[in-house]
Amino acid sequence: KAPVLEIRDFNVDYGLGDQAVRAVRDVTLTLHRGEVLGLAGESGSGKSTLAYGVTRLLPPPGVISGGSVIYHPPGDQPYDVMGLADAELRAFRWAETSIVFQGAMNSLNPVHKVSTQMLDVIRAHEPQLTPPARVARAKEMLKLVGISADRMDAYPHQLSGGMRQRVMIGMALVLEPQIVIMDEPTTALDVVMQRQILAQLVELRERLDFSVLFITHDLSLLVEFADRIAIMYGGRIVEEARSAELYKDSLHPYSEGLLRSFPALRGPRRELSGIPGSPPDLRGMPSGCAFHPRCPHAFDRCSTEIPVLGVPAARNDPNRSVACWLPGRVPVA
Ligand code: ATP
Ligand code: SF4
Ligand code: MG
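Following full-length UniProt numbering, the residues of the sequence shown are numbered contiguously, the last one being 334.
Structural data, given as structure tokens:
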């Protein structure tokens with residue numbers, strides 16, 4: 002599949018100089034056209050920082066300290082989002098990517114009708130459309146997310162939580178973006194709602210052909226719906242694989258730990274144990290593999306050398322990568 006967004010050697014700091022802490026470290030990750038890529042990891046692993054960094058929406062004191070983000074517009078030359086001037090960046094954000102922030106479930110404006118809010122977005126970003134064309138677009142999008150015409154003139158409080166959620170997806174898709182980024186679109190605890198959102202996105206992307214980066218710390222959700230999954234720990238991607246393979250045969254001990262934190266979806270029962278210890282502190286990142294203080298398999302090399310993310314020698318499958326020093330998982334040179 003063709004790439005739509007290539008994140009390369011991406012680094013983000015909070016603060017400057019001596020005060021700086023690095024929250025995203027050397028991240029290289031590709032989103033392909035039409036795929037749903039899941040990003041999972043415990044709280045503080047850098048998922049939101051990465052998402053806001055690549056769209057250049059990082060609030061201060063966040064600073065992008067290196068890397069590139071190559072966007073491939075359909076049928077046009079790729080370009081680096083990091084090199085865009087402000088005006089171009091605004092255009093990119095709206096027309097090409099749409100990001101739904103963490104906990105944005107209640108971000109609909111309570112004093113305006115759903116239809117008004119959607120029409121405002123269309124008017125602001127596609128001023129060339131005539132008013133009837135805008136209405137048609139808004140109707141079409143609401144219908145697509147399962148909001149019938151008679152609910153269009155409702156105010157957000159008149160809709161159920163599930164419907165507000167669908168409106169929110171509709172808002173994210175109304176400008177027909179190439180990329181949709183959803184960062185824990187409901188409260189983190191509301192996994193039932195996240196599941197509904199993700200199921201709906203998966204269905205819609207078949208029809209609308211956009212790509213999705215879905216961020217959650219609920220890995221079971223991603224195993225079920227995402228095409229591929231990337232696992233983040235201490236600001237780095239530590240494993241990347243197709244969902245089914247990650248589930249059956251994860252290679253990074255941290256991924257194994259996350260998978261043991263929820264009951265088996267199918268097949269034999271697994272022992273539920275979770276991961277002992279807590280995520281690393283940015284101010285005192287462990288040496289070598291950041292996971293080593295919690296890793297049941299750690300050995301000498303783990304505390305001295307940072308494992309590089311690459312195709313594991315034992316699998317020799319270009320579609321997966323892992324960053325771990327265990328035999329067979331060390332990348333092919
Ligand atoms: P969660 O699952 O809780 O949303 P996350 O994976 O999205 O976590 P981030 O919010 O990206 O994690 O945070 C990554 C790291 O950056 C954390 O250690 C966090 O404390 C730190 N961080 C985030 N925002 C700031 C800030 N404004 N100033 C300083 N440090 C920050
Ligand atoms: Fe565990 Fe070592 Fe692999 Fe890190 S490199 S995950 S500490 S075995
Ligand atoms: Mg977050």
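Virtual Cβ for every residue (Gly too), placed ideally from N, Cα, C.
In this text, all values refer to a predicted model and were calculated from it rather than measured experimentally.
- Can you tell me whether residue 14 is buried or exposed, with buried defined as 16 or more other CB within 10 angstroms of its CB? buried
- Query: Do the CB positions of residue 215 and residue 183 come within less than 8 Å of each other?
  - Reply: yes
- Within 7 Å: the Cβ of residue 389 and any heavy atom of the ligand MG? Residue 389 is absent from the model: the chain starts at 2 and stops at 334.
- Message: Does residue 257 pass the burial test, meaning 16 or more other C-beta atoms within 10 Å, or should it be called exposed?
- Response: Burial call: buried.
- Query: Over what stretch of residues does the beta strand (DSSP E) that includes residue 234 continue unbroken?
  - Reply: 229-234
- Query: Three-state secondary structure (DSSP) at residue 318?
  - Reply: coil
- Message: Strictly by DSSP, which residues pair up with residue 81?
- Response: 71
- Residues that DSSP places opposite residue 311 in a beta bridge: 323
- Message: Beta-carbon within less than 7 Å of residue 298's beta-carbon, same chain only, minus the 5 sequence neighbours each way: which residues are those?
- Response: 254, 327
- Query: Any idea what DSSP makes of residue 251, helix, strand or coil?
  - Reply: coil
- Enumerate, from N- to C-terminal direction, the unbroken beta strand (DSSP E) stretches of 3 or more residues contained entirely within the segment 11-54. 22-33, 37-41
- Task: Inspect the CB distances between the segment 309-324 and the segment 59-79 and report whether three or more fall short of 8 Å.
- Result: The segment 309-324, when compared against the segment 59-79, does not touch it at the 8 Å Cβ threshold.
- Would you grab the beta carbon distance between residue 71 and residue 79 for me? Rounded to a whole angstrom, and I think it's under 8 Å. 5 Å
- Message: Looking at the secondary structure, which residues open and close the alpha helix (DSSP H) in which residue 238 lies?
- Response: Unbroken run through residue 238 is the beta strand (DSSP E), 237-243; no alpha helix (DSSP H).
- Message: Is the beta carbon of residue 235 closer than 8 Å to that of residue 315?
- Response: For residue 315 and residue 235, no; Cβs fall outside 8 Å.
- Please name the residue, chosen from 228, 321, 145, 92, that lies closest to residue 250 on a Cα-to-Cα basis. 321
- Query: Under 7 Å from any heavy atom of the ligand SF4, does the C-beta of residue 202 make it?
  - Reply: no
- Query: According to the neighbour-count rule (16 or more other Cβ atoms, all chains shown, within 10 Å of its Cβ), is residue 279 buried or exposed?
  - Reply: exposed
- If I'm right that residue 100 touches residue 38 with Cβ under 8 Å, what's the distance once you round it to whole angstroms? That belief does not hold up - the Cβ atoms of residue 100 and residue 38 are roughly 14 Å apart, past 8 Å.
- Message: Under 7 Å: does the beta carbon of residue 62 sit that close to some heavy atom of the ligand ATP?
- Response: yes
- Item | Three-state class that DSSP yields for residue 183 in the structure shown | strand
- Skipping 5 residues on each side, what residues in its chain have a beta carbon closer than 7 Å to that of residue 300? none
- Could you check which residue in 247, 146, 81, 43 has the C-alpha nearest to that of residue 218? Of the residues 247, 146, 81, 43, the one whose Cα lies closest to the Cα of residue 218 is 43.
- Task: Taking only the alpha-carbon atoms, compute the straight-line gap between residue 284 and residue 126 and give it to the nearest angstrom.
- Result: Straight-line Cα distance between these residues: approximately 41 Å.
- Between residue 129 and residue 135, what straight-line distance do the alpha-carbon atoms span, to the nearest angstrom? 10 Å
- Query: From which residue to which residue does the alpha helix (DSSP H) around residue 99 run?
  - Reply: That residue, residue 99, is in no alpha helix (DSSP H); its beta strand (DSSP E) goes 98-101.
- Message: Please classify residue 18 as buried or exposed, where buried requires at least 16 neighbouring CB atoms within 10 angstroms.
- Response: Within 10 angstroms of the beta-carbon of residue 18 lie fewer than 16 other beta-carbons, which makes it exposed.
- Around the ligand SF4, which residues pass a check of Cβ closer than 5 Å to any of its heavy atoms? In chain order, the qualifying residues are 254, 290, 292, 293, 296, 298, 299, 303, 308, 325, 326, 327.
- Task: Return the residue from the list 208, 276, 52, 110 that minimises the CA-CA distance to residue 32.
- Result: 52
- So, is residue 131 buried or exposed, given that buried needs 16 or more other C-beta atoms within 10 angstroms? Classified as exposed, residue 131 has fewer than 16 neighbouring CB atoms from the shown chains inside 10 Å of its CB.
- Query: Is the beta carbon of residue 259 sitting closer than 8 Å to the one on residue 41?
  - Reply: yes
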